[in-house]
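Visitor:
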Amino acid sequence: KLFKTILVVVICFGIIMLLGASAFGGDDSPTIKKRAIVGTFVDKSDHSWYRGNNPGEGMADMLITALVKSGKFKVYERAALDEILAEKNLSVSDLANDGVEAGKKLEIGDVLVKGTITEFGYKEKKIGGSIASGLLKKAAVKQYTARVGVDLRIISVGTSEVLWADNLAETKTSTSIGISTDKFSFGDQNTFDEHIVGQATRNVIDNIVKKIEQITKDMKWTGILIVADEFYFIDAGSEIGIKPGMEFDVKRERKKVTHPKTGKILKIIYDEVGVVKATEVEEGVTTVEAVSGTGFQDADYVVFKEK
11 KLFKTILVVV ICFGIIMLLG ASAFGGDDSP TIKKRAIVGT FVDKSDHSWY
61 RGNNPGEGMA DMLITALVKS GKFKVYERAA LDEILAEKNL SVSDLANDGV
111 EAGKKLEIGD VLVKGTITEF GYKEKKIGGS IASGLLKKAA VKQYTARVGV
161 DLRIISVGTS EVLWADNLAE TKTSTSIGIS TDKFSFGDQN TFDEHIVGQA
211 TRNVIDNIVK KIEQITKDMK WTGILIVADE FYFIDAGSEI GIKPGMEFDV
261 KRERKKVTHP KTGKILKIIY DEVGVVKATE VEEGVTTVEA VSGTGFQDAD
311 YVVFKEK
């Protein structure tokens, strides 16, 4: 009996430890935030009912906020992005151009998100009618159906490849429009979320964030190595989650394989140069030391080594 009791206790303890590891440990491998660039959404919807500012700008701002709140992305505010692009004589459209040097673009971000609003509005209809019943009448019920749709493209900044492109749309139906359309505005999130179109828009934004998370999950973060005498640095730091001890493969571009007719870059061949490890991490810059390899050069690529 004593042996059985001990055996049961050991088994129970083992189960508890496994459950604890699953609940608290999970996937505790270190990760780096992807840098997402959100372009202004082009509005091609018929929204004559809406008298506010361009919904394209409003949805782009909503997406920036949602990506930041997810905790998985580093996202530039629009003014900061414009300043960075101006410093490098680039535009947002250049980030999707494979004719622009990859290293120059990778100093800015990892993925570019562009959208075109195809639907942004609501319809109203009556359900039933007024039926006389003595002195009483059954009033018709109004039903509101909102629909918001976006043609979305997620583009790799480094390769200019379109990683995903499709339409994301949401429909919201209710017997209440929420608030007066005259009060509906992107500038007031409280009233915005009360309106049926605002609710559909919010659902679309949430789905866009999920799609970006899905597409970028297996992307390996790539940065640029900076060589200053005998010291080595990476052009990013604590703002994207780099921590001391993280390791990075160092690669050097050997050849671009281009299409003979269109000139489109089909593939880039890299040489493996070595491995570096983060020793000191600051905002915007990380000091690294060589783990293996020699002959590191300025502007070599560094790729985060997943554990």
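Add 10 to a position in the sequence shown, counting from 1, and you land on the number used in this note's numbering.
Beta carbons: idealized from backbone N, C-alpha and C, even for Gly.
Determine the burial state of Glu73: buried for a count of at least 16 other Cβ atoms within 10 Å of its Cβ, exposed for fewer.
Guide: In the sequence as displayed, the identity of residue 73 is Leu instead of Glu. So Leu73 counts as buried.
Visitor: Would the beta-carbon of Asp53 fall within 8 Å of that of Gly62?
Guide: No, the Cβ-Cβ distance between Asp53 and Gly62 is not below 8 Å.
Visitor: Can you tell me which of the three DSSP states Ala46 falls into?
Guide: In the structure shown, Ala46 sits in a strand (DSSP, three-state: E or B).
Visitor: What span of residues does the alpha helix (DSSP H) with Arg157 cover, start to end?
Guide: Not the alpha helix (DSSP H): Arg157 falls in the beta strand (DSSP E), residues 151 to 166.
Visitor: What residue from Ile244, Glu249, Val102 has the CA that sits closest to Val123's CA?
Guide: With distances taken between Cα atoms, Val123 lies closest to Val102.
Visitor: Restricting to Cα atoms, I'd like to know which of Ser166, Ile189, Val158 is closest to Thr181.
Guide: Of the candidates Ser166, Ile189, Val158, the one whose C-alpha sits nearest the C-alpha of Thr181 is Val158.
Visitor: According to DSSP, simplified to helix, strand and coil, what is Asn177?
Guide: Reduced to three states, the DSSP call for Asn177 is strand.
Visitor: If contacts are defined as beta-carbon pairs under 8 Å, then Gly119 and Arg45 qualify, I think. What distance do you get, rounded to the angstrom?
Guide: The pair is a contact, with the Cβ atoms about 4 Å apart (cut-off 8 Å).
Visitor: Could you tell me the distance, in whole angstroms, from the CA atom of Ser186 to the CA atom of Gly197?
Guide: Whole-angstrom Cα-Cα distance: 22 Å.
Visitor: Closest to Met69 by CA distance: which of Leu235, Phe243, Leu162, Val286 is it?
Guide: Closest option to Met69, Cα to Cα, is Leu162.
Visitor: Note the first and the last residue of the continuous beta strand (DSSP E) segment covering Gly303.
Guide: That run of the beta strand (DSSP E) goes 295 to 303.
Visitor: State the Cα-Cα distance for the pair Tyr60 and His205, rounded to the nearest angstrom.
Guide: Their Cα atoms are separated by approximately 12 Å.
Visitor: Between Lys193 and the rest of its own chain, which residues show a CB-CB distance below 7 Å, the 5 nearest in sequence each way excluded?
Guide: Excluding residues within five positions, the ones whose Cβ falls inside 7 Å are Thr201.
Visitor: Using C-beta distances below 6 Å, list every residue in its chain close to Ile275, excluding the 5 sequence neighbours before and after it, in chain order.
Guide: Once the five neighbours on either side are set aside, the close Cβ partners of Ile275 are Asp108, Lys266, Thr268.
Visitor: Would you grab the beta carbon distance between Leu178 and Lys221 for me? Rounded to a whole angstrom, and I think it's under 8 Å.
Guide: That belief holds up - the Cβ atoms of Leu178 and Lys221 are roughly 7 Å apart, short of 8 Å.
Visitor: In whole angstroms, give me the CA-to-CA distance for Ser32 and Glu249.
Guide: Residue placement at Ser32 cannot be trusted, given a pLDDT of 42 that sits under 50; the coordinates are not used to answer.
Visitor: Report all residues from its chain with a CB closer than 7 Å to the CB of Ile189; omit the five preceding and five following residues, and keep chain order.
Guide: Cβ neighbours of Ile189 beyond the five flanking positions: Thr201, Glu204, His205.
Visitor: Suppose contacts are defined by Cβ-Cβ distances below 8 Å. Is Val160 in contact with Gly113 by that definition?
Guide: Against a cut-off of 8 Å, the Cβ pair of Gly113 and Val160 comes out as no contact.
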